[in-house]
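The opening residue of the sequence shown carries number 1 in the UniProt record's numbering; numbering runs sequentially from there.
Don't be surprised by glycine CBs; every beta carbon is placed ideally from N, CA and C.
The structure under discussion appears below in the form of structure tokens.
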Amino acid sequence: MAAEIVGNNLEMAMEILSHLPPETLLRFKSVQKSWYALINDPQFVSKNLSNSLEHKCILLKRVVMNNAGEEEIMLSILNFPFNSSMSVIDLDIPYDEYSRFYKIHGHSHGLICFARCGVDIFLCNPATREFRKLPPSILLTTRPSNNPDTHRSTTNSIGFGYDAKSRDFKVLRVVYFFNDARHFLYYKAEIYHLSKDRWREIEFPSYGYSSYTPEFDLYHEGVYYWWERNGKNILSFDMSEEIFGKISLPKSFNTKNLNRENCKILGVLNGSIVVFDHECEVNDENTFYIWEMKKDECGVISWSNLLTIGPILGIRKPLLFVSSDEVLMEDNEAQMVLYNIKTQLMNVIPLKGQAILIRCQQATFVTKSLISVMGGNNSMSYVR
1 MAAEIVGNNL EMAMEILSHL PPETLLRFKS VQKSWYALIN DPQFVSKNLS NSLEHKCILL
61 KRVVMNNAGE EEIMLSILNF PFNSSMSVID LDIPYDEYSR FYKIHGHSHG LICFARCGVD
121 IFLCNPATRE FRKLPPSILL TTRPSNNPDT HRSTTNSIGF GYDAKSRDFK VLRVVYFFND
181 ARHFLYYKAE IYHLSKDRWR EIEFPSYGYS SYTPEFDLYH EGVYYWWERN GKNILSFDMS
241 EEIFGKISLP KSFNTKNLNR ENCKILGVLN GSIVVFDHEC EVNDENTFYI WEMKKDECGV
301 ISWSNLLTIG PILGIRKPLL FVSSDEVLME DNEAQMVLYN IKTQLMNVIP LKGQAILIRC
361 QQATFVTKSL ISVMGGNNSM SYVR
């Protein structure tokens, strides 16, 4: 009876239903035709997304060993607070036998971008379990055996984000061209529009060799960031303006601890971009240096050594700032632990399966949404 009353009042239905998670709403589509139409309406999708923004979850991508002794991807949704009732979503990922090599290359509005070596790219909505494989690149070349002059190519960087001006989701791909001696020749770049379902080439400046480093990729407030291989700069791409940029790192950051190889990981803390700097080797104890990026009114960027975490026993690398006091980390046994900076206590997060240490474990904040990876202007016209 209550469902019938609500169902006959679309305004009431929109208000009540818009606060429910996408998984529940998908089940409610079969209640009655008016609800089905409402839940598919772009305005409702936008309202549901707005209500979900304050209830962010963490998407954790791990490579685990299954019962057959094979490596496979496991995606886990971590809800707050982290406890035994934490939900875990196991997705049926439509990848090939190389699925363990797929990496996360950005997220926005509930959509996630996965790619394997930059060639096969998927968009995924974990909440609705929708997947979409993107069309082939228009730049990557397959060298014909009868044409030795054709340049070889590979992908260095993939980035996914949202263009707030055109209200469209985009995927950036930077392609690296080389000769038979593997000497660098030139770069090209292309961008994919979800609303149009096609790639187009864009101009790419010669900023230097970009590094294919998924741990360092970051999408934040309309801009995608990734690592330059020379270790002196961060490269950026504005999704709306389609402009590339270069951010210099402080000399003290680059020259610190010259006797060892350091790993860098991008993150966000209290709305600011930060860089984790730590030793790459798996040691009994490790120290993590956090640098904060600041931009003044004139757009000039500066860096400061914000804080130092550690030395900590048994921790391999940081993954994500969960809050200003807590960091999600991976230990030396590939377990996920939550470390409290103030109390210096850590708790192991209970997860299914044993992750493989040498594989790339990734974590990112996600917002559950009804936005479809199938695209089209109508589905995104109200997304902001």
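Bridge-paired residues (DSSP) for residue i
{"i": "tyrosine 219", "result": "Tyr224"}
{"i": "glutamate 297", "result": "For glutamate 297, which the question treats as bridged, DSSP gives no partner whatsoever."}
{"i": "histidine 183", "result": "None, per the DSSP bridge assignment."}
{"i": "phenylalanine 244", "result": "Phe237"}
{"i": "arginine 173", "result": "Ile158 and Glu190"}
Reference residue i; option with closest CA among the options
{"i": "tyrosine 176", "options": "Tyr187, Met65, Leu25 and Gln362", "result": "Tyr187"}
{"i": "glycine 271", "options": "Tyr289, Phe321, Lys251 and Ser248", "result": "Phe321"}
{"i": "leucine 345", "options": "Met65, Glu326 and Asn332", "result": "Glu326"}
{"i": "histidine 55", "options": "Asn67, Ile77, Gln43 and Pro42", "result": "Ile77"}
{"i": "leucine 38", "options": "Ser236, Leu59 and Ile16", "result": "Ile16"}
{"i": "methionine 239", "options": "Tyr225, Ile341 and Leu25", "result": "Tyr225"}
{"i": "glycine 159", "options": "Ile104, Ile58 and Ala68", "result": "Ile104"}
{"i": "alanine 334", "options": "Leu351, Trp303 and Ile290", "result": "Leu351"}
{"i": "isoleucine 349", "options": "Thr343, Ala13, His183 and Asp331", "result": "Asp331"}
{"i": "aspartate 197", "options": "Thr154, Leu134, Gly222 and Phe204", "result": "Leu134"}
{"i": "methionine 14", "options": "Gly245, Thr24, Leu26 and Gln43", "result": "Gln43"}
{"i": "isoleucine 243", "options": "Ile191, Met336, Asp41 and Ala127", "result": "Ile191"}
{"i": "phenylalanine 184", "options": "Val119, Thr154 and Ile315", "result": "Thr154"}
{"i": "tyrosine 102", "options": "Ser248, Ser302 and Val63", "result": "Val63"}
{"i": "isoleucine 312", "options": "Trp291, Glu279, Ile301 and Glu203", "result": "Glu279"}
{"i": "valine 223", "options": "Ile247, Pro205, Glu203 and Arg200", "result": "Ile247"}
{"i": "arginine 173", "options": "Ser137, Leu194, Ser195 and Arg152", "result": "Ser137"}
{"i": "phenylalanine 178", "options": "Cys57, Val275, Arg152 and Asp120", "result": "Arg152"}
{"i": "asparagine 262", "options": "Ile121, Ile290, Ile273 and Glu203", "result": "Ile290"}
{"i": "arginine 116", "options": "Ile371, Gly375, Leu370 and Cys360", "result": "Cys360"}
{"i": "leucine 20", "options": "Ala127, Ala68 and Ser108", "result": "Ala127"}
{"i": "glycine 375", "options": "Leu194, Val171, Ser46 and Gly299", "result": "Leu194"}
{"i": "lysine 295", "options": "Tyr162, Ile356 and Val274", "result": "Val274"}
{"i": "proline 318", "options": "Ser18, Pro205, Asn286 and Ser304", "result": "Asn286"}
{"i": "leucine 53", "options": "Asn40, Arg316 and Ser108", "result": "Ser108"}
Helix, strand or coil at residue i according to DSSP, with G and I counted as helix
{"i": "glutamine 335", "result": "coil"}
{"i": "lysine 256", "result": "In this prediction, lysine 256 scores a pLDDT of 49, lower than 50, which makes its location untrustworthy; the coordinate-derived value is nonetheless stated afterwards. Lysine 256 falls in the coil class under three-state DSSP."}
{"i": "threonine 128", "result": "coil"}
{"i": "proline 21", "result": "coil"}
{"i": "alanine 13", "result": "helix"}
{"i": "glutamine 344", "result": "coil"}
{"i": "isoleucine 371", "result": "coil"}
{"i": "asparagine 40", "result": "helix"}
{"i": "residue 411", "result": "Absent from the structure is residue 411, since the part of the chain shown begins at 1 and ends at 384."}
{"i": "phenylalanine 288", "result": "strand"}
{"i": "asparagine 66", "result": "coil"}
{"i": "serine 108", "result": "strand"}
{"i": "serine 206", "result": "coil"}
{"i": "serine 34", "result": "helix"}
Backbone CA spacing between residue i and residue j [nearest angstrom]
{"i": "valine 373", "j": "asparagine 48", "result": "16 Å"}
{"i": "alanine 164", "j": "aspartate 284", "result": "45 Å"}
{"i": "arginine 129", "j": "glutamate 297", "result": "42 Å"}
{"i": "asparagine 233", "j": "lysine 264", "result": "12 Å"}
{"i": "asparagine 51", "j": "lysine 251", "result": "43 Å"}
{"i": "arginine 167", "j": "threonine 308", "result": "39 Å"}
{"i": "leucine 218", "j": "serine 34", "result": "40 Å"}
{"i": "residue 390", "j": "leucine 123", "result": "Beyond the ends of the chain as shown, which are 1 and 384, falls residue 390; an answer cannot be given."}
{"i": "serine 236", "j": "glutamate 11", "result": "42 Å"}
{"i": "phenylalanine 293", "j": "glycine 106", "result": "Note on identity: in this sequence residue 293 is methionine, with phenylalanine being the wrong assignment. Looking at the two C-alpha atoms, the distance is approximately 20 Å."}
{"i": "alanine 189", "j": "leucine 140", "result": "10 Å"}
{"i": "serine 302", "j": "glycine 245", "result": "15 Å"}
{"i": "methionine 65", "j": "glutamine 354", "result": "6 Å"}
{"i": "lysine 61", "j": "leucine 25", "result": "25 Å"}
{"i": "isoleucine 356", "j": "phenylalanine 276", "result": "22 Å"}
{"i": "asparagine 340", "j": "aspartate 180", "result": "50 Å"}
Residue i Cβ short of 8 Å to the ligand MG heavy atom set
{"i": "methionine 12", "result": "This structure does not include the ligand MG; it has no bound ligands of any sort."}
Assess contact between the stretch 107-121 and the stretch 365-372, defined as three or more Cβ pairs (one per stretch) separated by less than 8 Å. Is contact present?
yes
Between the stretch 22-31 and the stretch 60-77, do three or more beta carbon pairs fall short of 8 Å?
no
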